[in-house]
Amino acid sequence: MPQTSTLLFAVLILSALSFIALAALLAILLTERRHGRDDADDRNDALMEGVMEVRRELSSQIAQTDARLTTAMTGLLNYIVQEEKRSGETLQNFSASSRGELERMNSILAKEFLSLQGMVDARFAKVLETNAGAAEGLGKRLNEELKEMRATLDQALGKVREENAQKLEAMRATVEEKLEKTLSERISASFRRVDEKLGLVETGLGEMRQMARNVARLQNILANVKTRGTFGEVQLNAILEEVLAPGQFASQVKLDPKSGEMVDFAVRLPGRDMENPCWLPIDSKFPLEDWEMLEEAERAGDPARAADARKGLERALLKQAKSIRDKYVKPPVTTEFAVMFLPSEGLYAEALRIPGLADRLQRELRITPAGPTVITALLNSLLMGFMTLAMEKRSGEVWRILTEVKTEFAGFTRQFEVVEKKFREAQSSLEQMSVKSRRMGSRMESIEALADEHPDGLPVSERPSEASLPSGGEAGEVPSAPSDQNAPISFRKVEVDSEAPSTVS
34 MPQTSTLLFA VLILSALSFI ALAALLAILL TERRHGRDDA DDRNDALMEG
84 VMEVRRELSS QIAQTDARLT TAMTGLLNYI VQEEKRSGET LQNFSASSRG
134 ELERMNSILA KEFLSLQGMV DARFAKVLET NAGAAEGLGK RLNEELKEMR
184 ATLDQALGKV REENAQKLEA MRATVEEKLE KTLSERISAS FRRVDEKLGL
234 VETGLGEMRQ MARNVARLQN ILANVKTRGT FGEVQLNAIL EEVLAPGQFA
284 SQVKLDPKSG EMVDFAVRLP GRDMENPCWL PIDSKFPLED WEMLEEAERA
334 GDPARAADAR KGLERALLKQ AKSIRDKYVK PPVTTEFAVM FLPSEGLYAE
384 ALRIPGLADR LQRELRITPA GPTVITALLN SLLMGFMTLA MEKRSGEVWR
434 ILTEVKTEFA GFTRQFEVVE KKFREAQSSL EQMSVKSRRM GSRMESIEAL
484 ADEHPDGLPV SERPSEASLP SGGEAGEVPS APSDQNAPIS FRKVEVDSEA
534 PSTVS
């Protein structure tokens, strides 16, 4: 029973609060009507939000009230059931009175809710009417303002279009001017580059024509047997001049007085005497046709043809080597062997590739084949031998020079000992001078200390005597007496005694 009373009291309080809120809302609406409609839009929005908030709050409160009533009814029924067990008649009376009270309260709440709903609906309809009128007026004002803004924007856009058109015209003129200038400069630069390239192309064509003429000349030289030999001789002559001195080799040397054959080049080797040297024959050979046939067969990939061409090259090299042996190997005028110079490294490599050819040439014919690289190495080794022989011949002169150097070095050693002795004497003199200078410095410090102790001057008994002055030579000057008694004593001249040497020899 106390719980039911509490719930009823709470329901009454909520109803009162709802009425108060509604009254406040009505007061706000009445206040708004008294004010002008300057801010009608904002207040209408706030009013609509307030009305909706009140409706939501009322709905929430009603739902809460129903829930609480349901909860209270459940508790009340439980309480009635419990009380019914103890007292049936009391419970029936209480139940009847409670039901009547609840029905009365429900009817009251329903009436109040209906009344409040009617008031809210009426107020809401009135607010809608007011908002409709305000919205219509606001729409008219907005249309007018939009028209004014549109007119202003049209004017501003017209001015902007005119300014943009003027600026675009100026930019177009500037761009056309710069573009024309840039194009003319670039076209001129391109024409200059084209002229330069054409000049380079013309120069290259001239060089190619010159090269073609040189190649044609080289082909003519190599096609003729005589000129081909001249080509090998020129190359061999260049190598000899680069490695050896002019007196160490000779060209077109006649080795056998009985025959008129002359070898292309011969290296002068030391013999029994300088008038009759021993010659090393070097002859240039260039079997171009056989080598070209071998190269063409290898490029064509024909092994049989390549083998035949290699045999032909071998026969040609053996023939040339036999000719060199018969013509130019004449001991003791010459060495027991000769050198066959092959002007091309490729030809020399093919000769070495033929099995047994190099060994046969050296063993049977006493001929050493050599390409440009091998002949250079051979000549360098001969040059080293020449240098060694020259050093052996001049060994006596070298020993004489070494003896003279030894004598000169002995004299230099004696002079150095004299200088060292003089240096020691000078060092000793310098040490004596240093000792005496320190002694004089200590005496000067003692004199300055006495001067500080007796600013009016030293007593007669304490003045330095003549015996204390440095002896020998010219005595140092006595310090000059300053006019001011507070001035420090100054020494104008102090000389070292005669014991220190004046010069160092």
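Read left to right, the sequence shown gives residues 34 to 538 (the working numbering).
Every residue gets a Cβ at the ideal spot worked out from N, C-alpha and C, and that includes glycine.
Backbone secondary structure at residue i - three-state DSSP
i      : result
Pro279 : helix
Arg132 : helix
Phe419 : helix
Ser221 : helix
Ser377 : coil
Phe319 : coil
Leu110 : helix
Pro405 : helix
Ile8   : Outside the shown range of the chain (34 to 538) lies residue 8, about which nothing can therefore be said.
Phe298 : strand
Ser284 : strand
Val366 : coil
Pro336 : helix
Lys352 : helix
Distance between residue j and residue i (C-alpha atoms, nearest Å)
i      : j      : result
Val153 : Leu186 : 46 Å
Ala155 : Gly172 : 25 Å
Phe319 : Pro279 : 25 Å
Ala167 : Ser148 : 28 Å
Ser501 : Met473 : Residue placement at Ser501 is poorly supported in this model, since its pLDDT is 47, which falls under 50; the coordinates still yield a value, given next. Spanning the two alpha carbons is a distance of roughly 11 Å.
Lys454 : Leu435 : 29 Å
Gly108 : Ala158 : 42 Å
Val537 : Met477 : Unreliable positioning characterises Val537 in this predicted model, as indicated by a pLDDT of 36, which lies under 50. A coordinate reading is not provided.
Lys291 : Ile357 : 16 Å
Glu196 : Leu190 : 10 Å
Lys180 : Arg194 : 21 Å
Lys200 : Phe224 : 35 Å
Ala340 : Lys230 : 50 Å
Glu213 : Leu238 : 36 Å
Ile272 : Leu411 : 11 Å
Leu346 : Pro405 : 19 Å
Ser479 : Gln465 : 21 Å
Arg332 : Trp312 : 41 Å
Phe146 : Ile95  : 9 Å
Gln243 : Gly232 : 16 Å
Contact set for residue i: own chain, Cβ-Cβ below 6 Å, skip 5 residues either direction
i      : result
Ser317 : Gly265, Glu266, Leu269, Asp297 and Phe374
Ala3   : Residue 3 cannot be examined here, being either before or after the span of the chain that is shown, 34 to 538.
Gln97  : none
Glu499 : Reliability of the predicted coordinates at Glu499 is poor, the pLDDT of 46 falling under 50, and no value is obtained from them.
Val493 : The pLDDT assigned to Val493 is 49, lower than 50, so where the model puts this residue is not dependable; a value taken from the coordinates is nonetheless given after this. If we look at Val493 and ignore the five residues flanking it on each side, it has no Cβ neighbours.
Ser513 : Bear in mind that the predicted position of Ser513 carries a pLDDT of just 42, short of 50, making it unreliable; the figure below should be weighed with that in mind. Same-chain partners within the cutoff: there are none.
Glu481 : none
Ser131 : none
Buried versus exposed call for residue i [16 or more other C-beta atoms within 10 Å across all chains shown]
i      : result
Ile408 : buried
Val286 : buried
Val227 : exposed
Thr368 : buried
Trp324 : buried
Arg174 : exposed
Val372 : buried
Ile220 : exposed
Ile141 : exposed
Arg89  : exposed
Trp432 : exposed
Ala342 : buried
Gln353 : buried
Leu216 : exposed
Ala100 : exposed
Pro388 : exposed
Pro365 : exposed
Pro336 : exposed
Ala143 : exposed
Ala403 : buried
Neighbourhood of residue i by C-beta distance below 8 Å, restricted to the same chain and skipping five residues each side
i      : result
Gln395 : Phe370 and Thr401
Thr440 : none
Leu422 : Pro303
Met106 : Leu135
Asp517 : A caution first: Asp517 carries a pLDDT of 43, below 50, which makes its placement in the model unreliable, though a value can still be read off. Cβ neighbours of Asp517 beyond the five flanking positions: none.
Contact belief for residue i with residue j at Cβ below 8 Å, rounded distance in angstroms
i      : j      : result
Pro314 : Tyr361 : 4 Å
Lys363 : Leu288 : 5 Å
Leu416 : Leu277 : 6 Å
Residues near residue i in its chain [Cβ-Cβ closer than 7 Å; skip 5 each side]
i      : result
Leu350 : Pro320, Ala384 and Leu390
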